[in-house]
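Undergrad: My structure is below; once you've seen it, I'll send some questions.
Protein chains: 2
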Amino acid sequence: MRPWEKYIRQVDPYVPGEQPKLSNMIKLNTNENPYPPASEVQKAMQKVDVPALRMYPDPTSEDLVNALADTYHVNADQVFVGVGSDDVLGMAFLTFFGSSKPILFPDITYSFYDVWAKLYKIPYETPALDENFCIKKEDYYAENGGVVIANPNAPTSICENLDFIEDILQHNQDVVVIVDEAYIDFGGESAISLVEKYENLLVVQTFSKSRSMAGMRIGFAIGNSRLIKALNDVKYAYNSYTMSRLALQTGVASLKDVAYFEETCNKIITTRERVKKKMKDLGFSFPDSKTNFLFATHESVPAKELFLALREQNIFVRYFEKPRIDNYLRITIGTDEEMDCFLNFLESYLA
Amino acid sequence: MRPWEKYIRQVDPYVPGEQPKLSNMIKLNTNENPYPPASEVQKAMQKVDVPALRMYPDPTSEDLVNALADTYHVNADQVFVGVGSDDVLGMAFLTFFGSSKPILFPDITYSFYDVWAKLYKIPYETPALDENFCIKKEDYYAENGGVVIANPNAPTSICENLDFIEDILQHNQDVVVIVDEAYIDFGGESAISLVEKYENLLVVQTFSKSRSMAGMRIGFAIGNSRLIKALNDVKYAYNSYTMSRLALQTGVASLKDVAYFEETCNKIITTRERVKKKMKDLGFSFPDSKTNFLFATHESVPAKELFLALREQNIFVRYFEKPRIDNYLRITIGTDEEMDCFLNFLESYLA
């Protein structure tokens with residue numbers, strides 16, 4: 002070790018879902034949408050003012066903020082945008098969780114929460130999901146420095162209803178409660194309807210799943226204007242220009258075609274429900290997903306074996322070698338054709 | 002104050018350079034390049050695979066890393082990329098400055114260094130520039146936890162030669178030394194040539210100035226592969242997907258036309274030297290800029306008065322209400338036409 006290496010930050014290595022560059026693969030491992038972005042995005046690309054790229058983007062992201070405010074029927078001062086929901090969530094952790102009391106989030110949930118908590122030296126506790134991978138809401142009645150709930154939760158795919166979320170809010174009115182709704186558009190009910198009633202509620206969503214824009218890195222938060230102002234103050238203080246001009250422009254464009262958005266979400270839901278039936282017949286069990294993925298375990302064949310067997314066929318799903326979930330696969334819902342390939346292989350493999 | 006507001010992070014409000022949306026303005030306030038990006042960028046935009054935006058970008062940014070490695074004649078494992086040099090620098094502070102000894106950077110320099118140091122609880126000291134706004138290299142011989150030098154420095158515009166940088170490196174072989182070269186392409190000599198010799202040297206540059214791509218948010222660092230690996234480990238741990246597909250593609254494209262790059266840099270340098278002469282005649286003095294801006298003070302008229310008078314004419318320059326530099330204007334070098342408007346107004350105003 003060189004002397005200058007002595008103070009390098011030590012991190013737990015994180016391995017993102019594989020992004021293999023094969024042409025003939027079926028990629029069901031990173032919860033991407035199988036359908037392209039709205040056609041308005043293509044049109045926006047054709048109209049891009051390339052010479053204007055020489056100038057910084059609008060640091061307030063005004064056009065995208067306004068488009069989101071229109072879409073979700075809130076005021077512009079209730080909307081914050083960032084470079085994917087990871088950026089928005091990280092900024093929210095940094096902004097809101099300055100208490101010396103621990104923040105609370107489930108033991109099995111999105112894997113970056115504890116990473117950001119450690120980064121910003123935020124104490125945290127992780128109440129265990131029950132044996133069916135459900136959040137026990139009573140665990141969130143304890144005194145705390147903030148609450149983070151992914152709803153639907155990942156990778157469990159379970160969505161709680163709004164009464165459940167409101168119960169947690171009722172018990173946590175003195176701290177900021179973040180509801181991470183990355184997958185809400187696949188059949189869940191958004192807590193955005195509660196932001197008027199609970200000024201300590203921040204709802205975070207992303208363009209990466211339901212809006213088919215993972216490649217552009219766009220996320221957003223909706224909440225009381227006091228929360229949003231605090232987020233913007235912190236953002237401007239640390240990095241004023243994060244959203245590129247093209248992210249802002251394609252983001253606005255992708256919000257325009259509501260019918261296409263609903264159509265693709267419904268297609269994914271329909272495919273998901275069909276795949277659920279087939280997988281049950283094949284001996285799989287899984288929570289009742291309200292997301293664009295299934296979190297499935299097989300009655301006899303270990304998940305890791307299936308993961309590797311699928312991979313041999315260039316069918317990529319996600320496998321987490323972690324306690325409690327190491328016999329589960331997370332399978333993104335692709336097109337009907339992709340899911341048929343996936344199911345056909347399983348059928349022959351398990352026969 | 003609401004109870005949940007009690008633990009909100011308090012930050013020093015930062016006001017980015019104005020981004021007014023006037024059509025008839027002359028914008029010399031944020032050091033943008035007056036010339037458009039290389040024509041390859043326009044071509045790349047026409048070829049964008051819009052349906053592929055549904056997928057996450059390549060987390061390794063391989064194509065852009067390879068293009069930068071080719072451009073700067075280094076290996077791919079010596080290149081790190083990020084969302085503008087702010088993202089790269091912030092990540093470098095987080096990664097390398099874990100010592101309990103203070104890091105060192107000048108009292109007058111890029112205004113985000115102390116912000117990031119405070120954010121990551123890095124102790125720091127800021128040796129004062131001399132009365133001519135020059136860095137005193139002896140100040141960096143003291144024991145420290147790391148060194149950050151902007152070269153050319155901002156907003157002073159002064160560029161030191163490589164012997165000067167190497168002297169600081171010679172005296173700091175046990176800590177990471179960051180040389181922030183946002184403005185190096187306007188007449189300075191890059192320390193990239195020293196990375197083979199000093200494995201603790203990280204050189205940071207940006208596409209926002211000399212490459213006319215501020216709107217895309219692309220920055221990069223070049224250094225020893227051990228430094229780059231550490232940066233990537235930290236980046237993957239906290240946020241795996243930051244560079245959008247379009248940032249990667251337009252970034253690669255903008256590196257292709259070397260002749261155009263050199264031509265636009267030379268045009269800006271030529272304009273700058275012409276403006277220097279005129280401004281001297283008008284009673285201004287300034288360090289001998291090797292950047293795309295001048296840092297100028299007038300012999301009799303206060304900077305703030307000039308700032309406001311220019312603004313009345315929709316000519317925007319930057320004014321910092323800070324100790325030692327509150328009688329200076331930072332004036333971006335625009336096109337010849339823009340600078341003529343600027344100079345003509347000054348001439349009549351000061352007459």
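These protein sequence lines are chains A and B, in that order.
Residue numbers 2 to 352, in my numbering, belong to the letters of the first sequence in order.
Residue numbers 2 to 352, in my numbering, belong to the letters of the second sequence in order.
Just so it is clear, CB atoms sit at the ideal spot from N, CA and C, and this is done for glycine as well.
When we look at the beta-carbon of Ala260 (chain B) and count the other beta-carbons within 10 Å, is it buried (16 or more) or exposed?
TA: Exposed: under 16 other Cβ atoms inside 10 Å.
Undergrad: Hey, would you say Cys135 (chain A) sits closer than 8 Å to Ile104 (chain A), going by beta carbons?
TA: no
Undergrad: What do you get for Lys291 (chain A), buried or exposed, if any count of 16 or more other CB atoms within 10 angstroms of its CB means buried?
TA: buried
Undergrad: Please classify Val178 (chain A): does DSSP put it in a helix, a strand, or coil?
TA: strand
Undergrad: Check for me: the beta strand (DSSP E) holding Asn206 (chain B) runs from which residue to which?
TA: First, the residue type needs correcting, since residue 206 (chain B) is Gln and not Asn in the sequence shown. Taken as a continuous stretch (DSSP letters only), the beta strand (DSSP E) holding Gln206 (chain B) covers 202-207.
Undergrad: Arg331 (chain B) bridges to which residues according to DSSP?
TA: B:Phe296, B:Arg319
Undergrad: Could you check the C-alpha separation between Ser301 (chain B) and Glu322 (chain B) for me, to the nearest Å?
TA: 18 Å
Undergrad: Assess, as a yes-or-no matter, whether the segment 109-129 of chain A is touched by the segment 150-169 of chain A under the definition of 3 or more beta carbon pairs within less than 8 Å.
TA: yes
Undergrad: Taking only three categories from DSSP, how would you classify Val82 (chain A)?
TA: strand
Undergrad: Under a CB-based cut-off of 8 Å, is Gly220 (chain A) close to chain B?
TA: no
Undergrad: Kindly confirm or deny that the segment 39-54 of chain A and the segment 174-182 of chain A touch, where touching means at least three C-beta pairs closer than 8 Å.
TA: no
Undergrad: Give the residues from the segment 224-251 of chain A that approach chain B closer than 8 Å (Cβ to any Cβ), ordered along the chain.
TA: Going along the segment 224-251 of chain A in chain order, one finds Arg227, Ala231, Asp234, Val235, Tyr237, Ala238, Tyr239, Asn240, Ser241, Tyr242, Thr243, Met244, Ser245, Arg246, Leu247, Ala248, Thr251 with a Cβ nearer than 8 Å to chain B.
Undergrad: Just to confirm my understanding: we take Leu351 (chain A), look at its own chain, exclude 5 residues before and 5 after, and list those with CB closer than 8 Å. What are they?
TA: Leu283, Gly284, His299, Val302
Undergrad: Considering Cα atoms alone, identify which of A:Arg3, A:Pro4, A:Arg10 is closest to Leu232 (chain B).
TA: That would be A:Arg10, whose Cα lies nearest to the Cα of Leu232 (chain B).
Undergrad: May I ask you to list the residues that DSSP assigns as paired with Tyr239 (chain B)?
TA: Beta-bridge pairing links Tyr239 (chain B) to no other residue.
Undergrad: Within this structure, are the beta carbons of Pro37 (chain A) and Arg246 (chain B) separated by less than 8 Å?
TA: no
Undergrad: How many angstroms separate the CA atom of Met244 (chain B) from the CA atom of Pro58 (chain B)?
TA: Across the structure, Met244 (chain B) and Pro58 (chain B) are spaced so that their CA atoms are roughly 7 Å apart.
Undergrad: Below 8 Å on the Cβ atoms is my contact criterion, and I expect Pro128 (chain A) with Asp115 (chain A) to pass it. Report the Cβ-Cβ distance as a whole number of Å.
TA: With a Cβ gap of about 13 Å, Pro128 (chain A) and Asp115 (chain A) do not count as contacting.
Undergrad: Taking the C-alpha atoms as reference points, what is the distance between Asn345 (chain A) and Glu274 (chain A)?
TA: 17 Å
Undergrad: What residues are listed by DSSP as bridge partners for Val149 (chain A)?
TA: A:Ile179
Undergrad: Could you tell me which residues DSSP pairs with Leu311 (chain B) in its beta bridges?
TA: In the DSSP output, where bridge partners are listed per residue, Leu311 (chain B) has none listed.
Undergrad: Just checking: is the beta-carbon of Pro103 (chain A) within a distance shorter than 8 Å of some beta-carbon in chain E?
TA: Here the protein chains are A and B, and chain E is not one of them.
Undergrad: Around the C-beta of Glu161 (chain B), are 16 or more other C-beta atoms found within 10 angstroms, so that it is buried, or is it exposed?
TA: buried
Undergrad: Quick check: what's the CA-CA separation for Gly91 (chain B) versus Leu95 (chain A)?
TA: 14 Å
Undergrad: Looking at the structure shown, is Ala28 (chain A) part of a helix, part of a strand, or coil, going by DSSP?
TA: The question names Ala, but residue 28 (chain A) is Lys in the sequence shown. Strand at Lys28 (chain A).
Undergrad: So, using beta-carbon positions, are Val196 (chain A) and Ile169 (chain A) closer together than 8 Å?
TA: no
Undergrad: Please compile the residues from chain A whose C-beta is within a distance smaller than 7 Å of the C-beta of Thr31 (chain B).
TA: Listed along chain A are Tyr57, each with a C-beta nearer than 7 Å to that of Thr31 (chain B).
Undergrad: Closer than 8 Å, CB to CB, is Ile316 (chain A) near chain B or not?
TA: In terms of beta-carbon proximity, Ile316 (chain A) stays away from the interface with chain B, with every pair separated by 8 Å or more.
Undergrad: Compare the C-beta of Leu54 (chain A) against all C-beta atoms of chain B and say whether one is closer than 8 Å.
TA: yes
Undergrad: From the DSSP output, in three-state form, read off Tyr125 (chain B) for me.
TA: strand
Undergrad: Express the C-alpha separation of Leu256 (chain A) and Ala68 (chain A) in angstroms, rounding to a whole number.
TA: 7 Å
Undergrad: Would you kindly work out how many angstroms separate the C-alpha atoms of Asn328 (chain A) and Lys305 (chain A), rounded to a whole number?
TA: 7 Å
Undergrad: Between which residues of its own chain and Asn201 (chain A) is the CB-CB distance below 7 Å, once the five residues before and five after are set aside?
TA: Gln174, Val176, Val177, Val178
Undergrad: For a cutoff of 8 Å on Cβ pairs, would you count Arg10 (chain A) as touching chain B?
TA: yes
Undergrad: Rounding to the nearest angstrom, what Cα-Cα distance links Leu203 (chain B) and Ala248 (chain B) in this structure?
TA: 22 Å
Undergrad: Can you pull the chain A residues whose beta carbon is under 9 Å from the beta carbon of Ser100 (chain B), in chain order?
TA: Lys7, Tyr8
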